[in-house]
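A.B. asks: Input: one structure, supplied below.
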Amino acid sequence: MTRSAVHPIELESFRILRSRLDTTGLPPLTRAVVERVIHSSADLDYADDLVCDEPSLVAAHAALLAGAPIVADVEMVSAGITTRKAVCRLKEARSGPGLTRSAHAVRLAYEEVGPGAVWVIGCAPTALEELLLIEDAAPALVIGLPVGFVGAAESKAALRASGLPAVSNISEKGGSAVAAAALNALLYTEYTENPSKEQDL
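Mapping of the sequence shown onto our numbering: residues 45 to 245, in sequence order.
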């Protein structure tokens with residue numbers, strides 16, 4: 045799941061990030077997610093805005109290594125996931141009374157992948173809300189970072205209250221780039237339980 049080469053611009057971006065923000069006290073996968081989200085957004089406020097749970101990230105990392113499917117709510121999220129193909133059913137989805145296209149896409153994706161997937165939601169709060177209604181989804185992880193003034197913060201609060209393994213943030217901000225970045229952090233990081241071995245990029 046790791047990349048063999050990192051572009052010099054990316055290396056410089058992380059150098060600047062680390063000169064402005066000390067992340068060395070964070071657990072390794074939490075650090076990877078926080079840094080990559082900030083790298084993708086140039087927004088240092090995510091250091092305080094993101095909500096991560098290291099044991100959930102460790103379990104999700106193992107699930108990804110074992111081949112757990114990845115589901116993206118929109119094609120922009122899917123396009124940002126660079127080392128694995130993600131399921132995205134938005135093109136086939138249809139809206140209806142009380143049902144947005146994004147919510148219908150979640151239903152279609154769940155029919156395809158079943159329980160145990162890693163869900164990456166970076167656009168539509170209604171997609172996240174729909175996922176929370178699926179009792180048997182049993183996700184390996186939900187990266188819930190939808191953006192917007194209507195329902196985004198509320199849907200992320202509902203995700204945290206659900207007790208599902210998750211990455212979320214408290215504010216209304218989010219989006220496809222940061223959601224994909226959080227997933228890429230797990231895909232790129234060679235996790236080790238030896239805390240003395242630091243993983244850079």
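For every residue, glycine included, the Cβ atom is placed at its ideal position computed from N, Cα and C. No experiment lies behind these values; they were computed from the predicted model shown.
Can you grab the Cα-Cα spacing for the pair L109 / V77, in whole Å?
C.D. replies: 17 Å
A.B. asks: In whole angstroms, what is the alpha-carbon distance linking E79 and L230?
C.D. replies: 11 Å
A.B. asks: Which residue wins for smallest C-alpha separation from A226, given the options S215, R59, V95 and F193?
C.D. replies: V95
A.B. asks: Between the alpha carbons of K217 and P52, how many angstroms are there, rounded?
C.D. replies: Each residue's CA atom was taken as its position, placing K217 and P52 some 28 Å apart.
A.B. asks: Are I165 and D117 touching if we call contact CB-CB under 8 Å?
C.D. replies: Using a Cβ distance threshold of 8 Å, I165 and D117 count as a contacting pair.
A.B. asks: Return yes when the Cβ of A197 is within less than 8 Å of the Cβ of R204, no when it is not.
C.D. replies: no
A.B. asks: Check this for me: beta carbons of L189 and G142, under 8 Å apart or not?
C.D. replies: no
A.B. asks: Going by beta-carbon coordinates alone, are L172 and A181 separated by less than 8 Å?
C.D. replies: no
A.B. asks: What do you reckon, are the CB atoms on S85 and A221 nearer than 8 Å?
C.D. replies: yes
A.B. asks: Just mark C167 as buried or exposed, buried being the case when its beta carbon has 16 or more other beta carbons within 10 Å.
C.D. replies: Taking all protein chains in view, the Cβ of C167 is crowded by 16 or more other Cβ atoms within 10 Å, so the residue is classified as buried.
A.B. asks: Quickly, what does DSSP pair G188 with across the bridge? List them, please.
C.D. replies: I165 and S212
A.B. asks: Alpha carbon to alpha carbon, how far is P113 from H83?
C.D. replies: 25 Å
A.B. asks: Quick one: using the 10 Å Cβ neighbour count with 16 as the cut-off for buried, is G124 buried or exposed?
C.D. replies: With 16 or more Cβ atoms within 10 Å of its Cβ, G124 is classed as buried.
A.B. asks: Distance, Cα to Cα, E156 vs R64?
C.D. replies: 43 Å
A.B. asks: Which of the three DSSP states, helix, strand or coil, is assigned to A224?
C.D. replies: helix
A.B. asks: Have a look at V162 and R138 and give me their C-alpha separation to the nearest angstrom.
C.D. replies: 23 Å
A.B. asks: For L61, which residues in the same chain have their Cβ closer than 7 Å to its Cβ, ignoring the five residues on either side in sequence?
C.D. replies: E79, I82 and H83
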